[in-house]
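Colleague:
In this note's numbering, the protein residues as written are 343 to 850.
As structure tokens, then:
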């Protein structure tokens, strides 16, 4: 279809628009009734569906107004065409969303994850822009396409068309029905949330391990090693969960998959695929991008010589080196800000869960990883305080009071303090800060929050003085470490301050 350009075309255009409106209006009425009956603040997925229905109704109302306006010219017809196209798109999205809502869990953490999944993979909200198509989904689609090709080839075998009868055609379809059913089931699973693909063996997967005994690191309840995508050559990280035999374990892993697959930020590791194999059915593997084995913890723990070998750009108390540090801090704040903006609380921010990608390059990239204990945050909702790392627990988490997104700000502030100590004084700075809360005395609590007076004093002695930029970095970190959560800045305020630091805007 094209936009009409002549008066004769316009005469045929008018009834087409009116016919479309006659179809749209009753659909909108039915959808609106459904939305009013089922929408609930306790079920974010139904709230999203209600919002989508309202958007569709608004577009249809605009279409009606534009279509019935007197004296339209070519410009108005072009606008009318654009509105009609948008209405059709929204109708398709709405039907897809309502179909998803009818089958998906609507309440609790699962419902909240499904709402984020629907925003990303069903609605064209413009919220997600960074992540390219997942290799895992593409590979799965290719496999389904090959299966479909085989079915079609069988149905269209070399029997001459003249000899085909309804009976023989029906028989062929009946013979292929199990394969067709499996194909449709596979396609449905492939586009469903938290999907774990099944292969016969590792050899059948699109990945191979370069060096099984090579460099690896541990994540939450799993070991991470480097794999290479067979078709693209991209180096990826594969996290393996072994001995997954209980529903509780599987549910926890699926939660991590659910968080990862909705994340779309350049400073958060990117989910590629989750899979299991028939020859090792008690293991679940998560593939992520990029491969970045060098953690912030290793950066902090390394001797000055080893750190310099791994990160040539780093030199303690150096202005150029500090610019790299400030950019890393900003990237981490930006990543946590993205999580918080989508209602996700990380809960376990620590140097071990921060990666430095291409750490030897001129512009190393900080990446937030390991969302194994992350959750969709709901004010007043329940929380499990012991699932975060003890050393970095916020004061309110130690006290088992309500934990909020500001607890993430505290944990990130702890990481910033350790990074700034190393940036100022190298390994000796880290040791001084570490020993301020991890002393040998029997009464030492070995937690930054519970040993805050000595930690704060050591941090101040190391980082309070210096250039204007160093003082600003110190000040924003001190603010993040306020003992009362309401006194801490939001992550957006932290990001705003860090965005003005030298070196932050220089990354291409």
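We treat Cβ as the ideally placed atom computed from N, Cα and C, and that holds for glycine. Predicted model, so just to flag it, every value in this text is computed and none were measured.
Identify the continuous alpha helix (DSSP H) that holds residue 402 and give its terminal residues.
Modeller: Counting from one through the chain shown, the residue named residue 402 turns up at place 60. Here the alpha helix (DSSP H) through residue 402 covers 386-409.
Colleague: Between the stretch 579-587 and the stretch 612-629, are three or more C-beta pairs nearer than 8 Å?
Modeller: yes
Colleague: Considering only residues of the stretch 684-729, which uninterrupted beta strand (DSSP E) runs meet the minimum length of 3 residues and lie entirely inside it, listed in chain order?
Modeller: 696-699 and 707-710
Colleague: Suppose the cutoff is 7 Å on Cβ atoms and the five residues either side in sequence are ignored; what does the same chain contact list for residue 547 look like?
Modeller: Along the chain shown, read from residue 1 onward, the residue named residue 547 stands at position 205. Only 541 and 617 meet the Cβ criterion.
Colleague: What's the gap between the Cα of residue 385 and the Cα of residue 588?
Modeller: Indexing the chain shown from 1 puts residue 385 at position 43. Indexing the chain shown from 1 puts residue 588 at position 246. Whole-angstrom Cα-Cα distance: 27 Å.
Colleague: Beta carbon of residue 769, beta carbon of residue 646: below 8 Å?
Modeller: For the purposes of this step, residue 769 is identified with residue 427 of the chain shown, where counting begins at 1. For the purposes of this step, residue 646 is identified with residue 304 of the chain shown, where counting begins at 1. Contact: yes.
Colleague: Can you tell which of 651, 797, 369 and 611 has its C-alpha closest to the C-alpha of residue 712?
Modeller: In the chain shown, counting from the first residue as 1, residue 712 sits at position 370. Among 651, 797, 369 and 611, the Cα nearest to that of residue 712 belongs to 611.
Colleague: At which residues does the alpha helix (DSSP H) containing residue 750 begin and terminate?
Modeller: As a first step, residue 750 must be located in the chain shown, where it is residue number 408. Segment 747-767, the alpha helix (DSSP H) holding residue 750.
Colleague: What is the DSSP secondary structure of residue 612, counted as helix, strand or coil?
Modeller: As a working note, residue 612 is residue 270 in the chain shown. If DSSP states are grouped into helix, strand and coil, residue 612 belongs with the strands.
Colleague: Quick check: the Cα distance between residue 656 and residue 763, rounded to an integer number of angstroms?
Modeller: Position 314 of the chain shown, counted from the start, is the residue given in the question as residue 656. Position 421 of the chain shown, counted from the start, is the residue given in the question as residue 763. Using only the alpha carbons, I get a separation of about 13 Å.
Colleague: Can you list, in chain order, the residues of its chain whose CB lies under 7 Å from that of residue 436, leaving out five sequence neighbours each side?
Modeller: Here residue 436 is taken as the residue at index 94 of the chain shown, counted from 1. Residues 373, 394, 395 and 398 of the same chain have their beta carbon placed closer than 7 Å to that of residue 436, with the five preceding and five following residues left out of the count.
Colleague: Does DSSP classify residue 627 as helix, strand or coil?
Modeller: As a first step, residue 627 must be located in the chain shown, where it is residue number 285. Residue 627 falls in the strand class under three-state DSSP.
Colleague: Going by other Cβ atoms of all chains shown within 10 Å of its Cβ, with 16 needed for buried, is residue 454 buried or exposed?
Modeller: Locating residue 454 in the chain shown gives position 112, where the first residue counts as 1. With 16 or more Cβ atoms within 10 Å of its Cβ, residue 454 is classed as buried.
Colleague: Reducing DSSP to helix, strand and coil, say where residue 453 ends up.
Modeller: Here residue 453 refers to the residue found at position 111 of the chain shown. Of the three classes helix, strand and coil, the one that applies to residue 453 here is helix, per DSSP.
Colleague: Can you grab the Cα-Cα spacing for the pair residue 411 / residue 427, in whole Å?
Modeller: Your numbering for residue 411 matches position 69 in the chain shown. Your numbering for residue 427 matches position 85 in the chain shown. Looking at the two C-alpha atoms, the distance is approximately 18 Å.
Colleague: On the DSSP letters alone, give me the boundaries of the alpha helix (DSSP H) that residue 432 sits inside.
Modeller: Along the chain shown, one-based indexing puts residue 432 at 90. Unbroken alpha helix (DSSP H) run through residue 432: 416-445.
Colleague: Residue 827 and residue 741 look like a contact to me (Cβ under 8 Å); what is the Cβ gap, rounded to whole Å?
Modeller: Numbered from 1 along the chain shown, position 485 holds the residue referred to as residue 827. Numbered from 1 along the chain shown, position 399 holds the residue referred to as residue 741. The C-beta distance from residue 827 to residue 741 rounds to 11 Å, too long to fall under 8 Å, and the pair is not in contact.
Colleague: Is it right to say residue 585 is buried, meaning 16 or more other beta carbons lie within 10 angstroms of its own, or is it exposed?
Modeller: Against the chain shown, residue 585 aligns to sequence position 243. That one is exposed.
Colleague: Restricting to runs no shorter than 4 residues, where is the alpha helix (DSSP H) found entirely within the stretch 635-673?
Modeller: 638-643 and 646-652
Colleague: Output the distance between the C-alpha atoms of residue 600 and residue 733, rounded to the nearest integer angstrom.
Modeller: For the purposes of this step, residue 600 is taken as residue 258 along the chain shown, with counting starting at 1. For the purposes of this step, residue 733 is taken as residue 391 along the chain shown, with counting starting at 1. About 27 Å.
Colleague: Start and end of the alpha helix (DSSP H) containing residue 839?
Modeller: Reading the chain shown from its first residue, position 497 is the one you call residue 839. That run of the alpha helix (DSSP H) goes 833-840.
Colleague: I'd like the span of the alpha helix (DSSP H) that includes residue 812, first residue to last.
Modeller: Within the chain shown, the letter at position 470 stands for residue 812. Its alpha helix (DSSP H) spans residues 810-822.
Colleague: In the DSSP assignment, the beta strand (DSSP E) including residue 792 goes from what residue to what residue?
Modeller: Along the chain shown, one-based indexing puts residue 792 at 450. Element bounds for residue 792: n/a, residue is neither H nor E.
Colleague: By a C-beta neighbour count over all protein chains shown, 10 Å radius and 16 as the cutoff for buried, is residue 353 buried or exposed?
Modeller: For this step, residue 353 is matched to residue 11 along the chain shown. In this predicted model, residue 353 has a pLDDT of only 48, less than 50, meaning its place in the structure is not dependable; the value taken from the coordinates is given anyway. The residue in question, residue 353, is exposed, as its Cβ has fewer than 16 Cβ neighbours within 10 Å.
Colleague: Mind reading off the beta-carbon distance from residue 804 to residue 838? Whole number of angstroms is fine, and I expect it under 8 Å.
Modeller: Counting from one through the chain shown, the residue named residue 804 turns up at place 462. Counting from one through the chain shown, the residue named residue 838 turns up at place 496. Contact doesn't hold; Cβ gap of about 25 Å is too wide.
Colleague: Just tell me which of 669, 662 and 782 has its CA closest to the CA of residue 707.
Modeller: Position 365 of the chain shown, counting from 1, holds the residue named residue 707. For residue 707, the nearest C-alpha among the options comes from 669.
Colleague: Can you grab the Cα-Cα spacing for the pair residue 457 / residue 666, in whole Å?
Modeller: Counted from its first residue, the chain shown places residue 457 at position 115. Counted from its first residue, the chain shown places residue 666 at position 324. The alpha-carbon atoms of residue 457 and residue 666 are separated by roughly 37 Å.
Colleague: Report the rounded CA-to-CA distance for residue 449 versus residue 543, giving the unit in angstroms.
Modeller: Taking the chain shown and counting its residues from 1, the one referred to as residue 449 is at position 107. Taking the chain shown and counting its residues from 1, the one referred to as residue 543 is at position 201. Rounded to the nearest angstrom, the two C-alpha atoms are 35 Å apart.
Colleague: Bridge partners of residue 618, per DSSP?
Modeller: For the purposes of this step, residue 618 is identified with residue 276 of the chain shown, where counting begins at 1. For residue 618, which the question treats as bridged, DSSP gives the partners 540.
Colleague: Using only CA atoms, which one of 659, 550, 359 and 836 lies nearest to residue 574?
Modeller: Position 232 of the chain shown, counted from the first residue, corresponds to residue 574. Looking at the Cα atoms, 550 is the closest of the given residues.
Colleague: Check whether the stretch 787-798 and the stretch 744-751 touch, using three or more Cβ-Cβ pairs below 8 Å as the test.
Modeller: no
Colleague: On the three-state DSSP scale, how would you describe residue 579?
Modeller: Stepping through the chain shown from its first residue, residue 579 is reached at position 237. Strand at residue 579.
Colleague: Expressed to the nearest angstrom, what Euclidean distance is found between the alpha-carbon atoms of residue 640 and residue 552?
Modeller: The residue you call residue 640 lines up with position 298 of the chain shown. The residue you call residue 552 lines up with position 210 of the chain shown. Those two C-alpha atoms are separated by around 23 Å.
Colleague: Nearest by alpha-carbon distance to residue 431: which of 442, 460, 401 and 444 is it?
Modeller: Here residue 431 corresponds to residue number 89 of the chain shown, with the count starting at 1. Measuring from the Cα of residue 431, the nearest candidate turns out to be 401.
Colleague: Can you have a look at residue 671 and say buried or exposed, based on whether 16 or more other CB atoms are within 10 angstroms of its CB?
Modeller: Locating residue 671 in the chain shown gives position 329, counting from the first residue. With 16 or more Cβ atoms within 10 Å of its Cβ, residue 671 is classed as buried.
Colleague: Please name the residue, chosen from 613, 607 and 703, that lies closest to residue 650 on a Cα-to-Cα basis.
Modeller: Walking along the chain shown from the start, residue 650 turns up at place 308. Closest option to residue 650, Cα to Cα, is 703.
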